[in-house]
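Trainee: Sharing a structure with you now.
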Amino acid sequence: TIAQTEGPFFTPSTPQRTSLIEDGMTGTKLTVTGYVLTTNCQPVAQALIDFWHCDDAGNYDNVGYKLRGHQFTNDQGQYTLETIRPGLYPGRTRHIHVKVQAANQPILTTQLYFSNEPGNATDGIFHPALTMDEQDTPDGKAATFNFVLNI
Ligand code: FE
């Protein structure tokens with residue numbers, strides 16, 4: 001998985017949680033699932049994944065930890081993120097920031113994107129290899145992305 005810029009809105013020491021949804025949060029529910037894998041396609045258990053993104057209105061929480069959280073892959077190398085679809089802010093297409101790290105290995109910092117998003121065509125950072133296809137679910141959207149670490 002290719003690396004991308006961290007951007008200006010990373011906050012360290014996020015809460016450990018798989019759901020970023022909180023009471024009163026607006027937006028479309030989004031569930032992202034997948035694996036963390038080695039380049040030999042071996043699952044990476046207990047890999048650290050730290051997600052952060054803006055809210056439905058395009059704003060980051062740079063004071064607290066809203067829409068920020070880290071988790072670890074399970075014994076099969078799988079993760080599940082429950083959140084809302086990020087909104088849009090000027091200059092960028094829709095995206096989710098993420099850091100992925102196997103134990104005692106370098107951190108991969110990258111971003112995830114959405115197919116069929118008009119802003120992809122004009123975003124200078126967008127990369128098609130980092131794009132997720134979304135499916136409709138009874139209560140929102142679902143998408144899959146497998147991270148491949150260079151280990
Ligand atoms: Fe961003």
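Counting in the working numbering, the sequence shown runs from 1 upward without gaps. Just so it is clear, CB atoms sit at the ideal spot from N, CA and C, and this is done for glycine as well.
Are there any heavy atoms of the ligand FE lying less than 7 angstroms away from the beta-carbon of G7, as far as the coordinates show?
Mentor: Here residue 7 refers to the residue found at position 7 when the sequence shown is read from its first residue. Under cutoff, so the answer is yes.
Trainee: With T28 as the anchor, note down where its beta strand (DSSP E) starts and where it stops.
Mentor: Translated into the one-based positions of the sequence shown, residue 28 becomes position 28. T28 -> no beta strand (DSSP E), and no H or E assigned at all.
Trainee: Using the beta-carbon count (16 or more within 10 Å), is I107 buried or exposed?
Mentor: If you number the sequence shown from 1, residue 107 lands on position 107. Exposed is the call here.
Trainee: Work out the CA separation of D61 and P8 for me, nearest whole Å.
Mentor: Position 8 of the sequence shown, counting from 1, holds the residue named residue 8. Position 61 of the sequence shown, counting from 1, holds the residue named residue 61. Using only the alpha carbons, I get a separation of about 12 angstroms.
Trainee: Taking DSSP as the reference, what is the three-state secondary structure of A121?
Mentor: Locating residue 121 in the sequence shown gives position 121, where the first residue counts as 1. In the structure shown, A121 sits in a helix (DSSP, three-state: H, G or I).
Trainee: Pull up the distance between the alpha-carbon of F126 and that of S115, whole angstroms please.
Mentor: Along the sequence shown, read from residue 1 onward, the residue named residue 126 stands at position 126. Along the sequence shown, read from residue 1 onward, the residue named residue 115 stands at position 115. Their Cα atoms are separated by approximately 11 angstroms.
Trainee: Where do the ends of the beta strand (DSSP E) carrying G69 lie?
Mentor: For the purposes of this step, residue 69 is identified with residue 69 of the sequence shown, where counting begins at 1. 68-72 is the extent of the beta strand (DSSP E) around G69.
Trainee: Determine contact between the region 54-68 and the region 32-46, defined as no fewer than three beta-carbon pairs at a distance below 8 angstroms.
Mentor: no
Trainee: As a quick exercise: from R85, N40, L81, pick the residue whose alpha carbon is nearest that of D55.
Mentor: Along the sequence shown, one-based indexing puts residue 55 at 55. Checked all of R85, N40, L81; the closest Cα to D55 is R85.
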